[in-house]
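Under the numbering used here, think of the first position of the sequence shown as 10, with each following residue one higher. From the three backbone atoms N, C-alpha and C, an ideal C-beta is built for every residue, glycine too.
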Amino acid sequence: AWYVYKFAASCGEFRADPTRENFNRLRQTTEQIAQRLNVKLNKVIEKAEEYMKNPTTETKVAFNDEAVAYVLALMLLSEEKLEQGVE
Numbered sequence: 010a011w012y013v014y015k016f017a018a019s020c021g022e023f024r025a026d027p028t029r030e031n032f033n034r035l036r037q038t039t040e041q042i043a044q045r046l047n048v049k050l051n052k053v054i055e056k057a058e059e060y061m062k063n064p065t066t067e068t069k070v071a072f073n074d075e076a077v078a079y080v081l082a083l084m085l086l087s088e089e090k091l092e093q094g095v096e
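Rendered as structure tokens:
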């Protein structure tokens, strides 16, 4: 649950203020999640970078869609691990 929250919070901060600083925080969070949970989050970083470079409604929606997909994937991963008895 912590990683889902941390990822969602990082995405929210970046979405509200797509600065290089917030992008770097989001990338750091995704790298941590990738390393600890063995999950690749490359596409969300690509969409975030596009949104940062060109903050239009279209790029924001694409970033949101990718972020939501990863939140769901992280939630399902957590559920799967719980079912397997792994904490």
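Residue j beta carbon less than 9 angstroms from that of residue i
{"i": "residue 32", "j": "residue 58", "result": "yes"}
{"i": "residue 53", "j": "residue 75", "result": "yes"}
{"i": "residue 35", "j": "residue 79", "result": "no"}
{"i": "residue 24", "j": "residue 63", "result": "no"}
Backbone CA spacing between residue i and residue j [nearest angstrom]
{"i": "residue 55", "j": "residue 43", "result": "15 angstroms"}
{"i": "residue 65", "j": "residue 20", "result": "16 angstroms"}
{"i": "residue 45", "j": "residue 67", "result": "32 angstroms"}
Same chain, Cβ closer than 7 angstroms to residue i, five either side skipped, listed in chain order
{"i": "residue 84", "result": "13"}
Counted within 10 angstroms of its Cβ, other Cβ atoms place residue i as buried (16 or more) or exposed
{"i": "residue 95", "result": "Reliability of the predicted coordinates at residue 95 is poor, the pLDDT of 47 falling under 50, and no value is obtained from them."}
{"i": "residue 81", "result": "exposed"}
{"i": "residue 28", "result": "exposed"}
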